[in-house]
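Participant:
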Amino acid sequence: MEYEWNVKDKGPKGPSKASGRWSTAAVVGTMLIGATAGCERDGPPNVPPGAALSAHMAAATPPARTLNLQDAPGASLGKYRMYWPKRGQVEVNDRITKVAAVLRQKKVSLVSPSAVGRDFARPLDDNKLEVAYDGSYDSMWVRDEALAKAVESPSDIGEKKAQSAMKDAFNDLIASGLVESRHYDLGDIRPSHHYLRKGSDDGSPIQEMVVEYRFRVLRKLNGIEVPNSGILIGIAPSGQRSTIKMGGVEIDSTYNGVEERPGQVDSVIARKVANADISKRFEKEVSPGNEKRVSWNKLMYVMPEGASEAIVEPTMVYRISDVSVGPSGEASLAPAKLYSFSLSDQSIPAVDLFPRQ
Amino acid sequence: MTNKRRSQTITSIAMLLGILAFANRAEAAGYLLTEQPGNYQSGGCSPNTDVPDYSYPIRNGLAGLGWSNTFLTGANAWPQDFVDPGDYADQFDVTVFLGHGNTGRLYFSTPQNGLCSTGASSMQMGAGTGAKVSSAVFMACCFMEISHQDLLVNHQFEKQLMGFGGVSSLDAGMVNNYWDGTGSSSNVDSWLNNMEDKPGWFTGDNTTTVLSRGQSQDELNWNHWYCGLKRQNCVTGGPGGSYWYLDWHWNGCGGCDECPG
């Protein structure tokens with residue numbers, strides 16, 4: 002299910018920057034206004050969020066963290082029900098409108114909703130935002146096309162100020178109720194900027210500019226990344242917000258004030274495989290004997306390919322490219338592959354996360 | 070080179086409606102060199118890892134628009150096809166390569182006259198007598214590694230060239246979204262955004278790169294934002310001009326042989 006909308010600016014009022022900071026205060030502010038994201042369950046059911054907060058604050062001793070990331074057999078790991086949410090058009094409209102308001106920093110209204118499929122193209126028009134929604138992955142994308150496609154930039158605030166502007170936008174997403182601050186760690190931002198070089202074959206000086214400062218942050222579950230859920234915020238060199246892309250899987254969990262617990266019973270498992278053992282399996286099972294270049298390896302909660310819903314436990318994920326050395330001695334690189342390894346069962350084969358179709 | 074025997078040449082005959090709709094594209098022809106599962110492991114050049122055939126969304130898309138496509142793989146896919154002078158791949162309107170890569174190089178599965186690879190500096194796509202390629206897609210790791218800009222802007226002259234500036238993950242969904250996106254958006258927009266991540270992932274896996282060219286600044290600007298394979302802009306008419314833009318979404322180049330730092 003995919004839609005596209007025109008979005009029209011409606012006025013100067015917008016979400017308050019004063020509420021919902023992404024620090025600890027943001028959690029308090031968000032909980033007070035009861036803005037929980039999607040279907041996640043935070044706090045006991047049928048208890049007003051404010052009451053839940055008061056009860057939590059009144060508790061003499063917060064519950065101890067029981068899930069952990071220790072690289073040791075016996076460590077407790079949570080497994081969670083994850084699913085791609087299916088939203089009706091009214092709800093999607095509402096969410097898109099909120100994201101557009103955060104982008105524009107003022108209230109907006111949708112006009113001419115239509116189901117035209119994935120469509121990121123629009124003629125350049127300063128009065129329009131470009132909007133896309135991919136219902137398969139609950140991914141929405143709102144962008145100011147003119148800003149995101151500029152080839153000239155009269156000013157450039159630099160990455161540091163752009164990051165600050167990004168955090169302001171992130172706070173506004175919190176205030177809008179679309180984002181839970183504790184799900185994200187802004188200390189783990191991934192720059193993903195759009196650059197442009199321009200020149201000509203006559204030898205004129207080559208110029209380089211930033212078209213858009215783009216910052217990605219992935220959803221985390223008790224410190225472990227969920228690659229299938231995240232936020233991308235783009236800031237133009239002028240400092241204006243240019244793109245917001247967000248969405249992904251929903252996670253059935255509860256929050257006890259210390260950690261996110263699985264929403265269903267019997268969902269804590271014991272880690273049985275240490276990192277060192279996984280490393281040995283990786284060498285043995287993935288392109289054995291061949292040179293491999295590892296881009297990264299880390300713990301992740303990965304939604305299985307093709308599943309609409311799944312119980313997901315953390316796995317160790319490797320991104321690698323196989324190296325082949327030809328007759329001339331040159332190294333060629335195969336397209337990268339991602340493999341995951343179970344932490345709970347050594348006998349489960351490595352899973353190819355980018356399977357051939 | 071044009072007289073080479075091609076055992077796997079597939080010619081797509083346009084259906085009547087396609088001919089009517091794209092009469093001005095009736096002569097448009099694509100060159101698609103796609104290594105397939107089994108090619109690398111058996112071919113003798115890069116024996117380790119195969120490549121899934123993920124060029125089919127483009128291949129099928131062009132064929133559906135009435136294009137005549139030449140599809141080559143394995144022993145029929147020659148490095149010499151990209152090497153000037155007389156490079157065969159340059160005699161088509163659109164060229165697509167899917168296979169192994171590294172900084173400024175494409176790697177093939179099967180040696181041909183002792184060659185297993187070709188370098189960007191000897192390719193000169195869109196240059197030389199008879200060169201007619203307008204758009205090219207190179208799905209190969211690191212080929213458009215940004216620190217070697219000279220290999221791109223000094224040697225590639227298509228109106229647009231799409232590729233990767235780092236080790237790249239590939240998935241049919243990405244290529245399908247890229248193709249679909251070019252129906253209403255630009256190659257630049259669709260490549261940079263759709264080839265950056267597998268659908269349903271938010272990790273920012275690939276450094277996506279596009280080189281655009283135009284005869285003038287105005288034409289460059291138009292090409293930059295309106296060239297698109299599916300919308301059939303910039304797919305014929307030969308190479309671009311001397312003005313260029315190089316766009317990329319930076320997600321790192323780690324793993325490439327010559328990635329700085």
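Read top to bottom, the protein sequences are chains U and H. In this text, residue positions in the first sequence follow our numbering: the first is 2, and each later residue adds one. In this text, residue positions in the second sequence follow our numbering: the first is 70, and each later residue adds one. Here a beta-carbon is modelled for each residue, glycine too, at the ideal position from N, C-alpha and C. On a predicted model such as this, the values are computed, not experimentally measured, just so you know.
(1) Express the C-alpha separation of R198 of chain U and V132 of chain U in angstroms, rounding to a whole number.
(2) Give a yes or no on contact between the stretch 244-258 of chain H and the stretch 285-296 of chain H, applying the rule of three or more CB pairs nearer than 8 Å.
(3) Measure the CB-CB distance between G309 of chain H and F207 of chain H and report whether it falls below 8 Å.
(4) Measure from the C-beta of K150 of chain U to each C-beta in chain H and report whether the shortest distance is under 8 Å.
(5) The beta strand (DSSP E) spanning Y314 of chain H covers which residue range?
(6) Under the rule that 16 or more other beta-carbon atoms within 10 Å means buried, what is A277 of chain U, buried or exposed?
(7) Using CA atoms only, rank isn't needed, just tell me which of H:G252, H:T272 and H:N302 is closest to P126 of chain H.
(8) Going along chain U in order, which residues have a C-beta closer than 8 Å to the C-beta of Y157 of chain H?
(9) Mind checking the stretch 103-132 of chain H against chain U and listing, in chain order, the residues whose C-beta falls within less than 9 Å of any C-beta there?
(10) Measure the alpha-carbon distance for G143 of chain H versus R66 of chain U and round it to whole angstroms.
(11) Applying the criterion that 16 or more other CB atoms from any shown protein chain within 10 Å of the CB defines a buried residue, is N182 of chain H buried or exposed?
(12) Suppose the cutoff is 6 Å on Cβ atoms and the five residues either side in sequence are ignored; what does the same chain contact list for A158 of chain H look like?
(13) Sort out for me which residues DSSP pairs T103 of chain H with in a bridge.
(14) Would you report the Cα separation of E214 of chain H and T276 of chain H, rounded to the nearest angstrom?
(15) Would you tell me roughly how many angstroms separate the C-alpha atoms of C114 of chain H and P329 of chain H, rounded to the nearest one?
(16) Report yes or no: do three or more beta-carbon pairs, one from the stretch 236-244 of chain U and one from the stretch 166-181 of chain U, lie closer than 8 Å?
(17) Against chain A, does T272 of chain H count as a neighbour if the rule is that its beta carbon must be under 8 Å from one of theirs?
(18) Over the uninterrupted alpha helix (DSSP H) stretch that includes I234 of chain U, give me the two end residues.
(19) Run through DSSP, which three-state label would S322 of chain U get?
(20) With a cut-off of 8 Å, does the C-beta of K267 of chain H fall near any C-beta of chain U?
(21) Beta-carbon within less than 6 Å of A196 of chain H's beta-carbon, same chain only, minus the 5 sequence neighbours each way: which residues are those?
(22) Is it right to say W297 of chain U is buried, meaning 16 or more other beta carbons lie within 10 angstroms of its own, or is it exposed?
(23) Strictly below 8 Å CB to CB, what residues from chain H border G238 of chain U?
(24) Quick one: is Q193 of chain H buried, meaning 16 or more other Cβ sit within 10 Å of its Cβ, or exposed?
(25) Using the C-alpha atoms, what's the distance from I175 of chain U back to T37 of chain U?
(26) Run through chain U and tell me which residues come within less than 9 Å of S186 of chain H, C-beta to C-beta.
(27) Have a look at U:L300, U:I158, U:I270 and U:G235 and flag the residue whose alpha-carbon is nearest the alpha-carbon of R220 of chain U.
(28) Note down, in chain order, each residue of its chain lying with its Cβ closer than 7 Å to the Cβ of G273 of chain H, except the 5 sequence neighbours on either side.
(29) Quick one: measure Cβ to Cβ for L167 of chain H and T118 of chain H, integer angstroms, because I've assumed they're closer than 8 Å.
(30) Answer yes if the stretch 94-105 of chain U comes into contact with the stretch 327-334 of chain U, meaning at least three C-beta pairs across the two stretches below 8 Å, and no otherwise.
(31) Between M83 of chain U and V250 of chain U, how many whole angstroms is the CB-CB distance? I'm expecting something under 8 Å.
(32) What in chain U is Cβ-close to D240 of chain H, meaning under 7 Å?
(33) Do the stretch 83-92 of chain U and the stretch 302-313 of chain U meet, that is, are 3 or more Cβ pairs less than 8 Å apart?
(34) Whole angstroms is fine: what's the gap from V266 of chain U's alpha carbon to D353 of chain U's?
(35) Specify the secondary structure class of Q265 of chain U as computed by DSSP and reduced to three states.
(36) Report the residue ranges of all beta strand (DSSP E) runs contained in full by the stretch 181-242 of chain H; include only those spanning at least 3 residues, in chain order.
Facilitator: Checking against the coordinates, here is how it stands:
(1) If you number the first sequence from 1, residue 132 of chain U lands on position 131. If you number the first sequence from 1, residue 198 of chain U lands on position 197. Distance between the alpha carbons of V132 of chain U and R198 of chain U is about 27 Å.
(2) yes
(3) What you label residue 309 of chain H is simply residue 240 of the second sequence in a count that begins at 1. What you label residue 207 of chain H is simply residue 138 of the second sequence in a count that begins at 1. Contact: no.
(4) Indexing the first sequence from 1 puts residue 150 of chain U at position 149. Yes, K150 of chain U counts as interfacial toward chain H.
(5) Position 245 of the second sequence, counted from the start, is the residue given in the question as residue 314 of chain H. It spans Y312 to H318 - the beta strand (DSSP E) in which Y314 of chain H sits, taken as one unbroken run.
(6) If you number the first sequence from 1, residue 277 of chain U lands on position 276. With fewer than 16 Cβ atoms within 10 Å of its Cβ, A277 of chain U is classed as exposed.
(7) Looking up residue 126 of chain H in the second sequence gives position 57. The shortest C-alpha separation from P126 of chain H is found at H:G252.
(8) Against the second sequence, residue 157 of chain H aligns to sequence position 88. The contacting residues do not exist; Y157 of chain H stays about 21 Å from chain U at best.
(9) Correct list: P106, Y109, G113, C114, S115, P116, N117, T118, D119, V120, P121, D122 and Y123.
(10) Taking the second sequence and counting its residues from 1, one reaches residue 143 of chain H at position 74. Taking the first sequence and counting its residues from 1, one reaches residue 66 of chain U at position 65. Answer to the nearest angstrom: the Cα atoms are 56 Å apart.
(11) Position 113 of the second sequence, counting from 1, holds the residue named residue 182 of chain H. That one is exposed.
(12) On the second sequence, position 89 is the one that residue 158 of chain H refers to. Cβ neighbours of A158 of chain H beyond the five flanking positions: Y100, D150, F151 and T164.
(13) The residue labelled residue 103 of chain H in the question sits at position 34 within the second sequence. In the DSSP output, where bridge partners are listed per residue, T103 of chain H has H:L167.
(14) By 1-based counting over the second sequence, the position of residue 214 of chain H is 145. By 1-based counting over the second sequence, the position of residue 276 of chain H is 207. Taking the straight line from one Cα to the other gives about 9 Å.
(15) Start at 1 with the first residue of the second sequence, and residue 114 of chain H comes out as number 45. Start at 1 with the first residue of the second sequence, and residue 329 of chain H comes out as number 260. So the alpha carbons of these two residues sit roughly 27 Å apart.
(16) yes
(17) Of the chains in the structure shown, none is chain A; the protein chains are U and H.
(18) Taking the first sequence and counting its residues from 1, the one referred to as residue 234 of chain U is at position 233. Premise fails: I234 of chain U lies in the beta strand (DSSP E), I225 to I236, not in any alpha helix (DSSP H).
(19) Translated into positions along the first sequence, residue 322 of chain U becomes position 321. If DSSP states are grouped into helix, strand and coil, S322 of chain U belongs with the strands.
(20) As a position in the second sequence, residue 267 of chain H is number 198, starting the count at 1. Yes, K267 of chain H counts as interfacial toward chain U.
(21) On the second sequence, residue 196 of chain H is found 127 positions in, with the first residue counted as 1. For A196 of chain H, same chain residues with a beta-carbon under 6 Å away, outside a window of 5 residues either side, are F226 in chain order.
(22) The residue labelled residue 297 of chain U in the question sits at position 296 within the first sequence. With fewer than 16 Cβ atoms within 10 Å of its Cβ, W297 of chain U is classed as exposed.
(23) Within the first sequence, numbered from 1, the residue matching residue 238 of chain U stands at position 237. The sequence given here has Pro at residue 238 of chain U, not Gly. What P238 of chain U touches in chain H: nothing, since even the nearest Cβ is about 15 Å away.
(24) By 1-based counting over the second sequence, the position of residue 193 of chain H is 124. Under this definition Q193 of chain H is a buried residue.
(25) Position 36 of the first sequence holds residue 37 of chain U. Position 174 of the first sequence holds residue 175 of chain U. Residue placement at T37 of chain U is poorly supported in this model, since its pLDDT is 28, which falls under 50; the coordinates are not used for a value here.
(26) Along the second sequence, one-based indexing puts residue 186 of chain H at 117. Using a Cβ-Cβ cut-off of 9 Å, S186 of chain H is close to G327, S329, E331 and S333 of chain U, given in chain order.
(27) Here residue 220 of chain U corresponds to residue number 219 of the first sequence, with the count starting at 1. Answer by Cα proximity: U:L300.
(28) Your numbering for residue 273 of chain H matches position 204 in the second sequence. Counting only Cβ-Cβ distances below 7 Å, and skipping sequence neighbours, we find E265, D266 and N320.
(29) Here residue 167 of chain H corresponds to residue number 98 of the second sequence, with the count starting at 1. Here residue 118 of chain H corresponds to residue number 49 of the second sequence, with the count starting at 1. About 13 Å; that fails the 8 Å criterion.
(30) no
(31) Taking the first residue of the first sequence as 1, we reach residue 83 of chain U at position 82. Taking the first residue of the first sequence as 1, we reach residue 250 of chain U at position 249. Right, the Cβ-Cβ distance comes to about 5 Å (below 8 Å), so this counts as a contact.
(32) For the purposes of this step, residue 240 of chain H is taken as the residue at position 171 of the second sequence. F355, listed in chain order.
(33) yes
(34) In the first sequence, counting from the first residue as 1, residue 266 of chain U sits at position 265. In the first sequence, counting from the first residue as 1, residue 353 of chain U sits at position 352. Using only the alpha carbons, I get a separation of about 29 Å.
(35) Numbered from its first residue, the first sequence carries residue 265 of chain U at position 264. In this structure, Q265 of chain U counts as coil in the three-state DSSP scheme.
(36) Correct list: 184-188, 204-208 and 229-233.
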